[in-house]
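**Student:** Chains A and B are the protein sequences, given in the same order.
If you read the first sequence in the UniProt record's numbering, its first letter stands for residue 1, the second for the next number, and so on.
If you read the second sequence in the UniProt record's numbering, its first letter stands for residue 1, the second for the next number, and so on.
Heads up, the beta-carbon is just placed ideally off N, CA and C, and yes, glycines get one too.
None of these values were measured; they are calculated from a predicted model.
Quick one: this structure, given as structure tokens, is what I'll be asking you about.
Number of protein chains: 2
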Amino acid sequence: MATIKDIAKEVGLSITTVSRALNDYYDVSPKTKKRVKEVAEALNYSPNHIARSLVMKKTKTIGLLVSDLMREGVKDNFTFEVLTGINKCAGDLGYDLVLFSTSSDKQKEKTYTQLCRERRVDGVIISGIKTSDRYLTEVVTSDIPCVLIDIPVNSNSVGFVTTDNVLGAMKAVQHLIELGHTEIAFMNGHDFAYVSKKRLEGYLSALEKAGLPIHNEWIVNGSFLDSTAEKVAYELLQNNPEITAIFCASDLMALGVIKAATKLNIKVPEDLSIVGYDDILLASYVTPSLTTISQDKYQMGYQAAELLISMLKDNTTPHQRLLNTHLVIRESTSLHNKQ
Amino acid sequence: MATIKDIAKEVGLSITTVSRALNDYYDVSPKTKKRVKEVAEALNYSPNHIARSLVMKKTKTIGLLVSDLMREGVKDNFTFEVLTGINKCAGDLGYDLVLFSTSSDKQKEKTYTQLCRERRVDGVIISGIKTSDRYLTEVVTSDIPCVLIDIPVNSNSVGFVTTDNVLGAMKAVQHLIELGHTEIAFMNGHDFAYVSKKRLEGYLSALEKAGLPIHNEWIVNGSFLDSTAEKVAYELLQNNPEITAIFCASDLMALGVIKAATKLNIKVPEDLSIVGYDDILLASYVTPSLTTISQDKYQMGYQAAELLISMLKDNTTPHQRLLNTHLVIRESTSLHNKQ
DNA sequence: ATATAAATCCAAAACGTTTCGGGAGGCTAA
DNA sequence: TTAGCCTCCCGAAACGTTTTGGATTTATAT
């Protein structure tokens, strides 16, 4: 494999000059540049990124720590769409992505910082981890530039991108209220998710705004899983037949709730209106299709990458970005039919 | 950031010895090893992967060239599931993954070989490219170890993993025949896919085996897209009302075909039986759920990674792996109702 | 003609590892 | 006693770049 040294020998110049020629420095004459580049081409030279990284102490790569990159995460391709956005932006800006496989047992022993420092990534994007995750506490203490998705940590070296979850949840609940519903339950995720807190906030505030009473026993956790949500919803609906609508903190859980309703012979949306959150691919394909709060997952990834790279360049811009959501009305919600 | 040199200074040994101690070489005494490791720990040392790679000429990373890692590829999370499998295996075997963003315009100028050589990946896995892709021809000529998914190229440095597509297609068609269908059309992908050729082969051979006539005009291409498949199927069904079943070379296209049928007021499965291919996530959630040929996408990824890494270690094993498929019967197929 | 500035080029150090080829000292066997 | 063999250690080169701090030549101004 041809190196810069081979080129130098070939054109009869120093390796310094060759390097500077290839990198278009001002202090090498146009003719020399041209000659050097021709020889480089002829020798089929490609620069050694590794060697460059070593001396420059920059790798032009950003690490990806995504906990959902495993078998179970497949259903809700949230992570995948985010990844797609990250990938596009990174590509546009000349960065490569390295996936850390945190799933393996060996790697699990390593700390977040070790992982990043060994691979010498310039920065990291983290998605899909719980607020209780061991990695998270490490992030704030380490000084590795980092962008979190849906976890609001803000320091000199870490930023985040998220959506307006309070507003999103309010939109969902207000939609139900406008349809005439007053008995609205809430299927939340779990306590270790920032978005859960915020969506709860939005749910409560929408009820309050409408002057509706709050039933604490109607606020349940489905762990963001369809299976769990189904079980929980089954009990909830069985014990509280007065409920006419459920707002779910994720589409996947909404699917679980629909299953539970079906088992209880409750018709969606005639007897029970359901609105989800995320607008995952399944939402529009399932029957009945899901009314949901849509968030632009691709954009979240894209913005995360852009934010991180801007932080790497100069650390002056604010370290957070807030994206909008919007209500998508489909078939799982309908006017409350007063009997 | 602490280096091996700092450790050497601290313990009063040469950097050679420190290096060999950390790597558990036989020629350093147990006591010294222990001392070195303690100091390393104390100094919060983490090895510089970059420097190591430079001298060892191995990066312990494998490159990923997946053309579907863009917005459109999201529907069919085939790629994602494959990626998940690759990620797991790579993690287990101590390799990291780097995603090449071939989507960007800048990068598009670079050849496959340049891409890999610059990043100094040890090997590459390629998925989701057409047989007409410029990258493909480069693969065979370059000597970079490479594993292709669903493209049968076999040389000293390149291998592949795929499923038995002929058999898979036969299973699908035979299922339809067993249900009493005789007028069976085939919605194929496009001519630039190896799997399309094979599935066509299976389709034809199943018909032949059953002594059924072959209608060439019933074999159409849907480009693996639901939208295209819908258009094509609409015409096909309109012009050939005698068709009672369609075998589709992908689930996504099957969805398109269902849409077309619905528009034409043809009921699935009562009037038209449909079997897909892939068993993507949507297949089981959609109404009617899809009878399909299931392939283990996770396993394809896992095997691809394993194959590649085994090729890197020693180049003696055969460079190909064939996976099984199986028929999953759901709601989109039913007995032919003879009128 | 001389001093100054501009245009080109280069030697050598640095980045953090691994590894080759040895070398010193102690032990064993003849 | 001596030769040979372990055991444990080290100096220096190598990997392929970038960058620093001049050096040399050529053009320009005085």
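So if DSSP puts residue 327 of chain B in a beta bridge, which residue, or which two residues, is it bridged to?
**Tutor:** Beta-bridge partners assigned by DSSP to residue 327 of chain B: B:293.
**Student:** How would you list, in chain order, the residues of chain A whose beta-carbon sits under 7 angstroms from the beta-carbon of residue 114 of chain B?
**Tutor:** 46
**Student:** Between which residues of its own chain and residue 336 of chain A is the CB-CB distance below 7 angstroms, once the five residues before and five after are set aside?
**Tutor:** 179, 180, 181 and 244
**Student:** Three or more beta-carbon pairs under 8 angstroms between the segment 301–321 of chain B and the segment 243–263 of chain B, yes or no?
**Tutor:** no
**Student:** Comparing alpha-carbon positions, which option in A:124, A:100 and A:95 lies nearest residue 115 of chain B?
**Tutor:** A:95
**Student:** Checking contacts by CB at 8 angstroms: is residue 104 of chain A closer than that to chain B?
**Tutor:** For residue 104 of chain A, the pLDDT reaches just 48, beneath the cut-off of 50, and the residue's location in the model is therefore unreliable, although a value from the coordinates is still provided. Closer than 8 angstroms to some Cβ of chain B, the Cβ of residue 104 of chain A qualifies, so yes.
**Student:** For residue 202 of chain B versus residue 227 of chain B, is the C-beta spacing smaller than 8 angstroms?
**Tutor:** The Cβ atoms of residue 202 of chain B and residue 227 of chain B do not sit closer than 8 angstroms to each other.
**Student:** Just tell me which of B:302, B:328 and B:286 has its CA closest to the CA of residue 93 of chain B.
**Tutor:** Across the set B:302, B:328 and B:286, the C-alpha of B:302 shows the shortest separation from the C-alpha of residue 93 of chain B.
**Student:** Identify which residue in A:45, A:84, A:100 and A:230 has its Cα closest to the Cα of residue 67 of chain A.
**Tutor:** A:100
**Student:** Quick one: list the residues of chain B neighbouring residue 287 of chain A, beta-carbon separation under 9 angstroms, in chain order.
**Tutor:** Neighbours of residue 287 of chain A on chain B, chain order: 285, 286 and 287.
**Student:** Determine, for residue 50 of chain A, whether the minimum Cβ-Cβ distance to residues of chain B falls below 8 angstroms.
**Tutor:** yes
**Student:** Does the separation of the CB atoms of residue 322 of chain A and residue 163 of chain A fall below 8 angstroms?
**Tutor:** yes
**Student:** Suppose only complete runs of 4+ residues qualify. What are the alpha helix (DSSP H) ranges in the segment 7–85 of chain A, listed by chain order?
**Tutor:** Within the segment 7–85 of chain A, the alpha helix (DSSP H) runs of at least 4 residues that lie entirely inside it are, in chain order, 15–22, 30–42 and 49–56.
**Student:** Compute the distance between the beta-carbons of residue 253 of chain B and residue 311 of chain B, then report whether it is under 8 angstroms.
**Tutor:** no
**Student:** Can you list, in chain order, the stretches of the alpha helix (DSSP H) that have 4 or more residues and sit fully within the segment 264–291 of chain B?
**Tutor:** Entirely contained in the segment 264–291 of chain B, the alpha helix (DSSP H) runs reaching 4 residues are, in chain order, 281–285.
**Student:** Tell me the start and end of each unbroken alpha helix (DSSP H) in the segment 220–265 of chain A that is at least 4 residues and wholly inside, in chain order.
**Tutor:** 226–239 and 251–263
**Student:** Take residue 142 of chain B as the anchor and find which of A:294, A:324, A:1 and A:332 has the nearest alpha-carbon.
**Tutor:** A:1
**Student:** Counting only Cβ pairs nearer than 8 angstroms, list the residues of chain A close to residue 53 of chain B.
**Tutor:** Think of a sphere of 8 angstroms around the beta carbon of residue 53 of chain B: the chain A residues whose beta carbon falls inside it are 50, in chain order.
**Student:** How would you call residue 140 of chain A, buried or exposed, if buried means at least 16 neighbouring beta carbons within 10 angstroms?
**Tutor:** exposed
**Student:** Hey, is residue 331 of chain B's beta-carbon within less than 8 angstroms of any beta-carbon in chain A?
**Tutor:** Using a Cβ-Cβ cut-off of 8 angstroms, residue 331 of chain B does not count as an interface residue toward chain A, since no Cβ of chain A sits closer than that to its own.
**Student:** Quick check on DSSP: helix, strand or coil for residue 188 of chain B?
**Tutor:** The DSSP-derived three-state label of residue 188 of chain B is strand.
**Student:** Would residue 264 of chain B pass as a contact of residue 234 of chain B if the rule is Cβ separation under 8 angstroms?
**Tutor:** yes
**Student:** Going by the beta-carbon positions, is the gap between residue 124 of chain B and residue 144 of chain B smaller than 8 angstroms?
**Tutor:** yes
**Student:** Thinking just about the alpha-carbon of each residue, which of B:238, B:262, B:232 and B:239 is nearest to the one in residue 248 of chain B?
**Tutor:** Of B:238, B:262, B:232 and B:239, the smallest CA-CA separation from residue 248 of chain B is found for B:232.
**Student:** On the premise that residue 19 of chain B lies in contact with residue 118 of chain A, defined as a C-beta separation below 8 angstroms, what is that separation, rounded to the nearest angstrom?
**Tutor:** That belief does not hold up - the Cβ atoms of residue 118 of chain A and residue 19 of chain B are roughly 15 angstroms apart, past 8 angstroms.
**Student:** Under a three-way DSSP split, which group does residue 128 of chain B fall into?
**Tutor:** DSSP places residue 128 of chain B in coil when its eight states are reduced to three.
**Student:** Between residue 341 of chain B and the rest of its own chain, which residues show a CB-CB distance below 6 angstroms, the 5 nearest in sequence each way excluded?
**Tutor:** Because chain B spans 1 through 339 in this model, residue 341 of chain B falls outside it and cannot be assessed.
**Student:** Give, in chain order, every residue of the segment 1–22 of chain B whose Cβ lies closer than 9 angstroms to some Cβ of chain A.
**Tutor:** Correct list: 1.
**Student:** Less than 6 angstroms between C-beta atoms, sequence neighbours within five positions excluded: which residues of the same chain meet that for residue 148 of chain A?
**Tutor:** 126 and 160
**Student:** Whole-angstrom Cβ separation of residue 325 of chain A and residue 295 of chain A, contact assumed at under 8 angstroms?
**Tutor:** 5 angstroms
**Student:** Using three-state DSSP, classify residue 92 of chain A as helix, strand or coil.
**Tutor:** helix
**Student:** So, residue 168 of chain A versus residue 297 of chain A, is the Cβ gap smaller than 8 angstroms?
**Tutor:** At a Cβ-Cβ threshold of 8 angstroms, residue 168 of chain A and residue 297 of chain A do not count as neighbours.
**Student:** For residue 328 of chain B, which option in B:279, B:318 and B:313 has the closest C-alpha, if you only look at C-alpha atoms?
**Tutor:** B:279
**Student:** Identify, in the order they occur along the chain, each residue of the same chain with its Cβ nearer than 6 angstroms to the Cβ of residue 189 of chain B, setting aside the five sequence neighbours on each side.
**Tutor:** Around residue 189 of chain B: 196, 224 and 249.
**Student:** Determine whether the Cβ of residue 24 of chain B lies closer than 8 angstroms to any Cβ atom of chain A.
**Tutor:** No, because no Cβ of chain A sits closer than 8 angstroms to the Cβ of residue 24 of chain B.
**Student:** Mind pulling the alpha helix (DSSP H) runs of 4 or more residues that sit fully within the segment 165–217 of chain A?
**Tutor:** The qualifying runs are 165–178 and 194–209.
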